Each structure stands twice: as C-alpha cells, then as structure tokens.
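What follows is one structure encoded as structure tokens, with my remarks underneath.
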Amino acid sequence: MEIKKRDGNIVDFDRSKIELAMKKAYASVGIYAEQNELESMAQQIENTIVNKYPKNHVVTVEEIQDLVELTLIDHGQYKVVKSFILYRAKHTTDRKVIEEFEKFITDDDVIEIIRYIQEHYDSTRYSIENLYLKFESFVKPNLSQYDMVNLLSKASGELVSKEAPNWEYIASLFMNYNLKQNIKKLEIQYDLQDFKSKIKFLDERGLYGSYIREVYTDDDIDELEKYMDDERDKLFTFSALDLIIKRYLIKTHDNRVIESAQEMFMGIAMHLALKEKDRIHWAKKIYDNLSKLKVTVATPTMSNARKPFNQLSSCFIDTVPDTLEGIYRSINNFAQVSKHGGGMGLYFGKVRANGSDIRGFQGVAGGVIRWIKLANDTAVAVDQLGVRQGSVAVYLDVWHKDILEFLQLRTNNGDDRMKAHDVFPSVCYPDLFWKMVRDDIDGTWYMFDPHEISVKKGYNLEDYYGDEWEKRYNECVLDESISRRSIKVKDLVRLIIKSWTETGTPFTFNRDTVNRMNPNKHKGMIYSSNLCTEIMQNMSEIHSISENIETEDGDDIIVTKTKPGDFVVCNLASLVLGNIDVNNDEELEEVVETAVRGLDNVIDLNFYPLEYAKYTNKKYRPIGLGTSGYHHCLVKNNIMYSDVEKHLEFADKLYEKINYYAIKASNKIAKEKGSYEYFEGSDWENGEYFKLRDYNSEKWNELYHDIKKNGMRNGYLMAVAPTGSTSIIAGTTAAVDPVMSRYFLEEKKGTIVPRVAPGLSPQTFWLYENAHELDQNITVDATSIRQRHIDQGQSVNIYITTDYTMRTILNIYVRAWEKGIKSIYYVRSKSLEVEDCDSCSA
Numbered sequence: 001m002e003i004k005k006r007d008g009n010i011v012d013f014d015r016s017k018i019e020l021a022m023k024k025a026y027a028s029v030g031i032y033a034e035q036n037e038l039e040s041m042a043q044q045i046e047n048t049i050v051n052k053y054p055k056n057h058v059v060t061v062e063e064i065q066d067l068v069e070l071t072l073i074d075h076g077q078y079k080v081v082k083s084f085i086l087y088r089a090k091h092t093t094d095r096k097v098i099e100e101f102e103k104f105i106t107d108d109d110v111i112e113i114i115r116y117i118q119e120h121y122d123s124t125r126y127s128i129e130n131l132y133l134k135f136e137s138f139v140k141p142n143l144s145q146y147d148m149v150n151l152l153s154k155a156s157g158e159l160v161s162k163e164a165p166n167w168e169y170i171a172s173l174f175m176n177y178n179l180k181q182n183i184k185k186l187e188i189q190y191d192l193q194d195f196k197s198k199i200k201f202l203d204e205r206g207l208y209g210s211y212i213r214e215v216y217t218d219d220d221i222d223e224l225e226k227y228m229d230d231e232r233d234k235l236f237t238f239s240a241l242d243l244i245i246k247r248y249l250i251k252t253h254d255n256r257v258i259e260s261a262q263e264m265f266m267g268i269a270m271h272l273a274l275k276e277k278d279r280i281h282w283a284k285k286i287y288d289n290l291s292k293l294k295v296t297v298a299t300p301t302m303s304n305a306r307k308p309f310n311q312l313s314s315c316f317i318d319t320v321p322d323t324l325e326g327i328y329r330s331i332n333n334f335a336q337v338s339k340h341g342g343g344m345g346l347y348f349g350k351v352r353a354n355g356s357d358i359r360g361f362q363g364v365a366g367g368v369i370r371w372i373k374l375a376n377d378t379a380v381a382v383d384q385l386g387v388r389q390g391s392v393a394v395y396l397d398v399w400h401k402d403i404l405e406f407l408q409l410r411t412n413n414g415d416d417r418m419k420a421h422d423v424f425p426s427v428c429y430p431d432l433f434w435k436m437v438r439d440d441i442d443g444t445w446y447m448f449d450p451h452e453i454s455v456k457k458g459y460n461l462e463d464y465y466g467d468e469w470e471k472r473y474n475e476c477v478l479d480e481s482i483s484r485r486s487i488k489v490k491d492l493v494r495l496i497i498k499s500w501t502e503t504g505t506p507f508t509f510n511r512d513t514v515n516r517m518n519p520n521k522h523k524g525m526i527y528s529s530n531l532c533t534e535i536m537q538n539m540s541e542i543h544s545i546s547e548n549i550e551t552e553d554g555d556d557i558i559v560t561k562t563k564p565g566d567f568v569v570c571n572l573a574s575l576v577l578g579n580i581d582v583n584n585d586e587e588l589e590e591v592v593e594t595a596v597r598g599l600d601n602v603i604d605l606n607f608y609p610l611e612y613a614k615y616t617n618k619k620y621r622p623i624g625l626g627t628s629g630y631h632h633c634l635v636k637n638n639i640m641y642s643d644v645e646k647h648l649e650f651a652d653k654l655y656e657k658i659n660y661y662a663i664k665a666s667n668k669i670a671k672e673k674g675s676y677e678y679f680e681g682s683d684w685e686n687g688e689y690f691k692l693r694d695y696n697s698e699k700w701n702e703l704y705h706d707i708k709k710n711g712m713r714n715g716y717l718m719a720v721a722p723t724g725s726t727s728i729i730a731g732t733t734a735a736v737d738p739v740m741s742r743y744f745l746e747e748k749k750g751t752i753v754p755r756v757a758p759g760l761s762p763q764t765f766w767l768y769e770n771a772h773e774l775d776q777n778i779t780v781d782a783t784s785i786r787q788r789h790i791d792q793g794q795s796v797n798i799y800i801t802t803d804y805t806m807r808t809i810l811n812i813y814v815r816a817w818e819k820g821i822k823s824i825y826y827v828r829s830k831s832l833e834v835e836d837c838d839s840c841s842a
C-alpha cells in the first residue's frame, strides 16, 4: 500500500507513523497510551483503507488523518481527538514556519533537523514556531550558515523551561551538526576516508596511542567503525555535548576538533579491550555501555584513553612519613600525580606535632601545618594538565596534637600564616570520639604527638583501630610522662561545626568502621581516604632503606633503594542508574560485568606517574565501580526521596544486586586470568566479607564457594565517586545525591542556559525534591543501607540551611557513625559554594 504526501510524492505506507501521531496526541493531554492499544487502532485504520477505499486509489495524508480522528471518536477519546485536530492545524502552521526558516537556512540537512523536531517532539511544548521566533530575534545581516546553526542552538537553549525541558536535547542537535561539519572539513583537508585512516593520521602526529594500530588490524577497525551508531548523539543534552567538546574530544595541534563523540567512545572502548582475547567483542560491549550513557568512566580515563599519554587513574593516596626525606618525597609524589591530572589524598597523621623534638632537641618541630602549606603551594604551582590547579585532601587524626590549628586551615579567622585555602582538610575519627559526643559531650578529649608516643610507648597509636586503639589511647591518657593538649569535647565539636558551616570542610573519615569492614585487613591498615572520600584501601609509608655506589661505564652512580609501601591508586567508573533499566536483571548484570572487566583492564593498560602506584595496584588490583543518577533512578521508579520505606527498600535491593553482579564478574575474570596477589587470607577467601554483610542466602553461599575455589580478580570493588562532570555528560543526577534544584540557570559561552532535572515532566516534577528541603536523616539512612553493599566508601554530602542548629548538624553526624557510614564529603549550605574534584568524577 502506498500513500501520497502533501508535496505529491508517493511513498510506502508506514503504520508506525500513525501510532506515533496518536501517541503524541494522547501524551499532549497527559494520558499514557498502551502500545497494544495504539497498534490496534492503527490496524483498524489500515483495514478501513484496504476494505473501503477503491483498489486503485492512493490514499492521501489528509485522508489518513481524517480516519485517525474518526477512530479516536469510536474509542471515546474526545480529549485526544480535540488535541489531534489542533495538532493538524498546528502542522499546517509548521509547514509555513519551515518556509520561513528556509529564507535563512539554505542547508537542507539543517531543515531536516527542524522537521525531525516537528515529527518527534510534542508540538504543544516544542513548537518550531517558537523556535523560529526566538531564532529570528538573534539573526543579524551577513551571517554564515555556520553562525545560523549556532543561533538555532542558542535559541533552543533559551527555550528550556520546567514545562519544556527537552529543548536541551534539541539545542544539542544543532551543536552536533556544526561539530560534524567542522570535522568533515578537516577530514577532506587531510584526505581521511574512514576511521582507520583517521587513527593513522592521529597516530603519526602524536595524538593517538600507537598501541591501537599495533593490536587492531585494519579489518578490526573497519568492523568497529560499522558498529558505531551516530544516532546515539541524540542522547546528549546541550551541556553534555558542550562539555565533551571542550574537554574530551581530540583536537589537532592548532586546536581544531577532529574526533566525533562516537569515535571518542569507540577509541576508549578499543583501549580498554586491548588485553582481551576476544577484543572486538569486548570493545563493542564497552562501546555500548559508554555510548548509550549507561556507564561513565573517570575524567582521566575519558581524557587519556586512546592517547599516547594514557594516565587513566583518578585517585591516589600517600602516607606521609615522619622524616624530612619522606615528607618531601610525598610532596613530590603529589606534584607528579597532579602534573598528570590526578587528585591526591595525603595522610599526615604520622608526622610529629608542633613543639615535638628533633634528634632529642625539645620543642623545635614545626608540626604538620607548615608541611600542609607546602602541599597547598604545590597544588597551586603544579596544575592538572594546565586545566585547573591541583587538588589535594589532607587527613589528620582528631587526637593529633595539631588538630586545633588544622581545623582552622580554611576558616576566616585566625593567623593567616597558619592558613592553607587550597587544600581540603579531612579528619579521621575513632569510635571513641563519637561515643563521647553522644554520651559525654562535657568530657575531656586528649591530643597527643604521634612521635612522642612512638618513642615513649614503643608503638604507633595510629596503627591501631577499634578496641585495641581505645585501649592504647587510654594508656597514653594515664601515662603522665606523655605531654598532651586537652579540650572539652563540646568545644572541639564547636570548632569542627564552625569549619563545616564556613567552608564545607573538614571531610569526615570514620577510621574504625572503615578498618572493620576492610576485606584485606590481613595485609594492612587504612589510615585515610582520597580527595573525594570514597577510596578506602590498605596504606603504608614509602621508605628509603639504603644508598649504594655502583660503577657504570667508568662512572660512579649513587643508587637509592626504596621500600615501596602501599601507595594507593584507584580506577573509577560509574553505572548511570537513571539510564539503565535496573529492574531488568539481565541488562543490569551485563552492564556491571562489562564495567568491571573494563576497569580491571585499566590496571594493566595504565601509565603510572609513579612506580609505587603501579606496584600497589598490581598487588590488590583495586577498582572503584560506583553509581550516578541515583535520584534520577528513584524518580524513574516513581519513588520520592522522602518516602523512607519505599526508598530504603529499593536502595537495599538494587545495591545488593549491583554488588552481587560485580563480585560475580570479578570471580569470573579470576577464573580466566587469576586472582589478585593477596587473595589468600582475605575476607573474600575466608568468608568474613559475606558474614559481615549478612549475605547468607543460597545464591550468596554458592558465589562464596565459587570464590573460595577460584578467587577474586580484584581486592577492592566498589566506591561511589562524586561524578560532578561525568553526570552532566550522561544527562543524569550526580552520584547518590539528591538534586540541588529541579530547575536552575547555568552560564554557557556568555549565555544563560536553563537546566532542569533529568526526565522532568508534569508527572515527575513533584517526585523530585530539592536537596536542601530534605530531612538529612533520610540521606544518612539511605547511605547506611547502600554502605552494606559497598566495600569502600561513598562521596555523600550533607545539605544544611540556616535553620539548622549546631546540635541538629551534630546529631546527623552521630547518626551516620552509629549506622556504619564510613565517610562524609562536604557540608553544603545554600550560601556556600563548594567544588567537586573533576579528577574523581566517574
């Protein structure tokens, strides 16, 4: 059967277009139409045409639309009929609008984009007439077609509203068109015929890693090029594509973008699949995860995979020793990490306090603050690839003698010589501190010099946790020969809360909880976390143990031998829960398995800025699989954040499934490639991991026995990063936080662009609740539920308003400790601007 279009062309009859038109009519009046109902009505229309029209008659578009009206009336859908009649009238108007566009736009492909908008978007909210009026208001004489398309993108962006959020996606269509046109010009200029010739061109100019062409044949690349799907560009919002263009796409040496978004995703996938036997299969699966925006990888991975300089890791943690040489080594380690785009966590808890002795001379040590200031200056001096200054979190135990000065590093009062405004202070708390806050806030808290304890007691207090730490702390309290500072717990708490409310820091690290749940406690201790408080892995100091003079080619060479310790590095990716059907176990398992395999490969494919990091990474093979789009996912499942019962039940089931599939995937890779080095004796191997989390169902028991027999590929598996920038790319909500606002304004290229919560509609508007309006105890409870299923930590923020008293804030933190939460990131007040670390975005 054929159909005559309005322009006289004869085309094949397509029933799906009738279904789409009716679906849009239903949607325009807020009615959800079942697909089978739409198919039935479309079939009825087709039957009428076949049975009642003359055999030689070619039905017209207008006749079909008349039949649609009659069919809807037959089904009693009078509201929908009225909407459809208005739709037809609007369609006539739109045809005239396109004629107006054609006075300015001479490129037929751009006109086709406008027709696509007309056909695929609800015309009542996404009227091309409104687009034209906004566009026309920007037009000036003598503009190029390129500028005209940019104005279409700008006009679309300014039409974004709570009622019409999808103009964000429409704006991206025009931006992407200009991007593709620019790339096409470069491809013609450099005679690039296909993906393999582009890779060769980029490789020869030092813009692509030669390892890609060394492993993938031309036939392989041709197959992967055919697999790329440009239709997936339509998943980007304007903000997402703008960010991708600015930060991630490969540019020529004269700063012109030469790589498309889909080529970027495929290049990353090819890199992460390099170590696989069936690399084409895994490259396709990783590409699907990335290009469908179901998984995002960390900023360094997204920036540097496929490139010659492939530093792929986000987070590094170093234990600063109590020696001059060791301190400067740690500062240098931070400089090297920052130079290559990583964020850093530095644990200063072993460094002697102000007034301690040096080589027996009493009262001469300057304490940790002067060394933290050195880290601060290094962060400013050594930026991250020229993009932004370095980022470092500095950790100190709450019982350290210098803690009072530490708490004032970023506050507005006090001695400027003791300030370090470019670091992120973080405090490590033992259980005892929170017990006293809860039960004995008028009690006395003692602060000691770790060096003095080491000398006088013969042990390092920071090397213990839990009951053993508390026992030794009390020994030090009772030992009058040990100097100390003392303060009422409530006065110390006031200083902490003052800093929280003024600066959003210090971050919180509950060290006893962390170490109790450490699956590799048989091999070490976790002193602190990273820049964004989600990485929790065994740490130890780096030590120089000897220097030897060796002769080489007649010259004497001094060789320093170093004991590497545990220098933590972690590789991050995030499941985009808002873009995954989390109720489809098959889909969820496949996405998780592919993500785990890709992250595991990063360990072997990575360029390490420091050999210490490579050494530790190979021992534990740690990865950090996290999640973004948590609030987005709740809303998609018709759950309000504040609906405690439904919310917590959903979170518990979802994160248990994610953890199960992640562990299963690591076990599967272990069967194929072997376990991590320290598996034997770990909580994975002895079953303690499963007991601590109350995993005792039949499927968990079966998985444990498989693990005991075949091992685990990765010593650490899950960690939820902030995903500040990568959640923008995925068009979802950040990490596990609630949205800050359903609707807000953002400046882009000098233009104010409205932004909305993902998937915002009349149905979802009230499901989204703004972060500052929520009871933060719900956030604590949800974090606790998830924490059971996450072996490392979560970057979780606490949102406060001016209505919060000191006691209210304190109660939230005590509740978090009581419920086994390992860390808390920022305290965010409405008036306080804080910035997530892009290095840790995943």
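Following UniProt numbering, the numbering of the sequence shown begins with 1 at its first residue and continues without gaps.
Beta carbons: idealized from backbone N, C-alpha and C, even for Gly.
Fair warning: this is a prediction, and the values are worked out from it, not measured in the lab.
Beta-bridge pairing by DSSP links Ser303 to no other residue. Taking a cut-off of 8 Å on C-beta distances, the stretch 706-721 does not touch the stretch 608-618, as fewer than three cross pairs fall below it.
A distance below 7 Å between beta-carbons, with the five flanking residues on each side excluded, links Asn289 to the following residues of its chain, in chain order: Val295, Val591, Thr594, Ala595. For Lys691, the enclosing alpha helix (DSSP H) stretches over residues 688-692. For Pro425, the enclosing beta strand (DSSP E) covers residues 424-429. Following the DSSP letters along the chain, one finds Gly343 inside the beta strand (DSSP E) bounded by residues 343-347.
Rounded to the nearest whole angstrom, the CA to CA distance from Thr378 to Asp422 is 10 Å. Each residue's CA atom was taken as its position, placing Phe13 and Glu39 some 15 Å apart. Between the C-alpha atoms of Gly360 and His451 there is a straight-line separation of about 11 Å.
Taking a 10 Å sphere around the C-beta of Tyr32, we find fewer than 16 other C-beta atoms and assign the residue as exposed.
Here Asn354 carries a strand assignment [DSSP, helix/strand/coil]. The beta-carbon distance between Leu72 and Val58, rounded to whole angstroms, is 24 Å. This is too long to meet the 8 Å contact definition. Note that the C-beta distance between Thr732 and Gly624 is not below 7 Å. For Pro321, the closest alpha carbon among the candidates Ile542, Ile170, Lys52, Val780 is that of Ile542.
Taking a cut-off of 8 Å for Cβ pairs, the stretch 648-662 and the stretch 777-795 touch, as three or more such pairs fall below it.
Each residue's CA atom was taken as its position, placing Gly390 and Leu293 some 28 Å apart.
In this structure, the CA atom of Ile707 is about 19 Å from the CA atom of Lys618. It is roughly 12 Å from the alpha-carbon of Lys563 to the alpha-carbon of Gly326. Short of 7 Å from the beta carbon of Leu432, and not among the five residues preceding or following it, lie these beta carbons of its own chain, in chain order: Glu470, Tyr473. For Tyr689, same chain residues with a beta-carbon under 7 Å away, outside a window of 5 residues either side, are Pro519, Asp683 in chain order. Annotation: the continuous alpha helix (DSSP H) that includes Arg472 extends over 466-478. Bounds of the alpha helix (DSSP H) holding Asn376 are 368-381. For Asp12, the enclosing beta strand (DSSP E) starts and ends at 10-12. Nearest neighbour of Phe567 by Cα position, chosen from Val455, Tyr464, Phe334, Asp463, turns out to be Phe334.
Excluding five sequence positions before and after Asn460, the CB atoms of its chain that fall closer than 6 Å to its own CB belong to Ser454, given in chain order. The C-beta distance from Ile317 to Ser540 rounds to 11 Å, too long to fall under 8 Å, and the pair is not in contact. In the three-state DSSP reduction, Ile557 falls in the strand class (E or B).
Beta-carbon to beta-carbon, Thr301 and Val602 are separated by about 7 Å, close enough to satisfy the 8 Å threshold.
Ala25 is the residue among Lys52, Ala25, Val582, His91 whose C-alpha sits nearest the C-alpha of Glu69.
In this structure, Met525 lies away from Gly793, with their beta-carbon atoms at least 7 Å apart. Using a C-beta cut-off of 8 Å, the stretch 243-258 makes contact with the stretch 202-212, since at least three inter-stretch Cβ pairs fall below that distance. DSSP places His522 in the helix class (H, G or I) of the three-state scheme. Within the model, the alpha-carbon separation for Thr501 versus Phe744 is close to 23 Å. Residues of the same chain with a CB within less than 7 Å of the CB of Lys822, apart from the 5 flanking positions on each side, are Asn510, Thr513, Val514, Met536, Gln787, Gly793 in chain order. Taking a C-beta distance under 7 Å as the contact criterion, His631 and Pro762 do not qualify as a contact pair.
Rounded to whole angstroms, Ile778 and Val644 show a C-alpha spacing of 7 Å.
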